[in-house]
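J.: Before we start, here is the structure in question, set down as structure tokens.
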């Protein structure tokens, strides 16, 4: 009887140290940005399953609490409040889109709830908010990488066509702000909505201006439409951002995608990296695990969620159960080799990446090819 009692006491004691980590996730799985948010959700689910199967984090198992924002800012606002006040999560991964992140940025501080966004805009982390971080490469870094490439090949008269969204607006601002630094002339500026079905009129104006190159800044189906419209007009030298860095873009654009160049993370050309490249093993392991589980091509967007999850995991491990330490521990993440690049967070830098997180990729015969 005593042995049984001792066993039960030991079992109860062990259970007391095993807990549940309620981790929030906000991704746009449906709606215009659905092909961005779906791999993000899938990635976080995959990683949570892997960690739980290995015993959890510090012995605690992860319980994901997920809501589909549909890319809608009002839904994001409502769901974030629910995660904070009702679900009592310890942190939130996502959202997918810039606008959705910006509407909850102040709430993260109000609820003292760490938020690790998968969106791009530098405005998400500028000015620094103690509780807000992001893993996608910043739009200012995108612009610097694009202009560096264009100037090197002698293209300085540029047209821009940007989406009327949070992502497009902050991208436009970055393009205009950084251009003088590189001696780039933004000769023409056009806009489009992510629901537009034809952009021929804007592109015709750009073609008439005789620019050296066109930069399209958008996500979702619209950039693919721009690619098809540009091909119909006989236009070349089209550049895009990582918003088009997915197999879905090529599928939607068809043969009009060929010849387009874009900034992208290394994940979409992981196999083409030389042996010994310091990112290759992480990228290839993620690619293998994701594609074998979901029977779908890996993308940079899922990579943003991979990085957000692992940065949270690292900080949670270091906090040793003291949730008030989470933001400070995220700021201390150094030398983390993720999907987007090497992360070196700090109290003044809540992204921790440089423009070296990007490569220049060209689409040839329906495939992403490492160009630079």
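Numbering (mature numbering (1 follows the signal peptide of the UniProt record, and there is no 0)), first residue to last: -18 to -1, 1 to 354.
C-beta atoms are modelled at their ideal positions from N, C-alpha and C, and glycine is treated no differently.
1. I need the boundaries of the beta strand (DSSP E) containing residue 48, first residue and last residue.
2. What ranges does the alpha helix (DSSP H) occupy inside the segment 297 to 321, keeping only unbroken runs of at least 4 residues that lie completely in it?
3. When you compare only the Cα positions, how much space is there between residue 125 and residue 157?
4. In angstroms with no decimal places, state the Cα-to-Cα distance between residue 39 and residue 66.
5. Whose C-beta lies closer than 6 Å to the C-beta of residue 139 among residues of the same chain, with five residues either side of it excluded?
6. Okay, do the segment 225 to 233 and the segment 253 to 260 touch, 3+ Cβ pairs below 8 Å being the bar?
7. Assuming residue 355 is part of the alpha helix (DSSP H), what are its boundary residues?
8. Assign residue 351 to one of three DSSP states: helix, strand, or coil.
9. Return yes when the C-beta of residue 262 is under 7 Å from any heavy atom of the ligand ATP, and no when it is not.
10. Determine the closest residue to residue 313 out of 298, 278 and 85, with distance taken between C-alpha atoms.
11. Specify the secondary structure class of residue 343 as computed by DSSP and reduced to three states.
12. Would you be able to state if there are at least three C-beta pairs under 8 Å between the segment 16 to 27 and the segment 276 to 296?
13. Does the beta-carbon distance from residue 117 to residue 290 come in below 8 Å?
14. What does a CB cutoff of less than 8 Å around residue 152 pick up in its chain, not counting 5 residues either side in sequence?
15. Residue 269 to residue 17, Cα distance in whole Å?
16. Compute the distance between the beta-carbons of residue 144 and residue 225, then report whether it is under 8 Å.
17. Which residue wins for smallest C-alpha separation from residue 246, given the options 149, 206, 119 and 187?
18. Whole angstroms are fine: how far does the CA of residue 207 sit from the CA of residue 187?
19. Keeping to the same chain, check which residues put their C-beta closer than 8 Å to that of residue 69; ignore five residues upstream and five downstream.
20. Alpha carbon to alpha carbon, what distance is there between residue 300 and residue 311?
21. If I follow the unbroken alpha helix (DSSP H) through residue 80, where does it start and stop?
T.: On the basis of the coordinates in this document:
1. Unbroken beta strand (DSSP E) run through residue 48: 43 to 50.
2. If only uninterrupted alpha helix (DSSP H) runs of at least 4 residues are considered, those enclosed by the segment 297 to 321 are 308 to 313.
3. In a straight line, the C-alpha of residue 125 is about 6 Å away from that of residue 157.
4. Spanning the two alpha carbons is a distance of roughly 21 Å.
5. 167, 169, 193 and 194.
6. Taking a cut-off of 8 Å for Cβ pairs, the segment 225 to 233 and the segment 253 to 260 do not touch, as fewer than three such pairs fall below it.
7. Any answer about residue 355 is impossible in this case: the structure gives the chain only from -18 up to 354.
8. Here residue 351 sits in strand by DSSP.
9. Looking for the ligand ATP in the displayed structure turns up nothing, as the structure carries no ligands at all.
10. Looking at the Cα atoms, 298 is the closest of the given residues.
11. The three-state reading of DSSP puts residue 343 in strand, counting E and B together.
12. Segment contact: the segment 276 to 296 against the segment 16 to 27, three or more CB-CB distances shorter than 8 Å; contact assigned.
13. Yes, these two residues count as a Cβ contact at 8 Å.
14. Answer for residue 152: 80, 102, 103, 104, 105 and 121, listed in chain order.
15. Rounded to the nearest angstrom, the gap between the Cα atoms of residue 269 and residue 17 is 17 Å.
16. At a Cβ-Cβ threshold of 8 Å, residue 144 and residue 225 do not count as neighbours.
17. It is 119.
18. Going from the Cα of residue 187 to the Cα of residue 207 covers about 16 Å.
19. Here residue 69 has 4, 6 and 47 as same chain residues with Cβ atoms under 8 Å from its own Cβ, once five neighbours each way along the sequence are excluded.
20. Distance between residue 311 and residue 300, taken at the CA atoms: about 7 Å.
21. 80 to 84 is the extent of the alpha helix (DSSP H) around residue 80.
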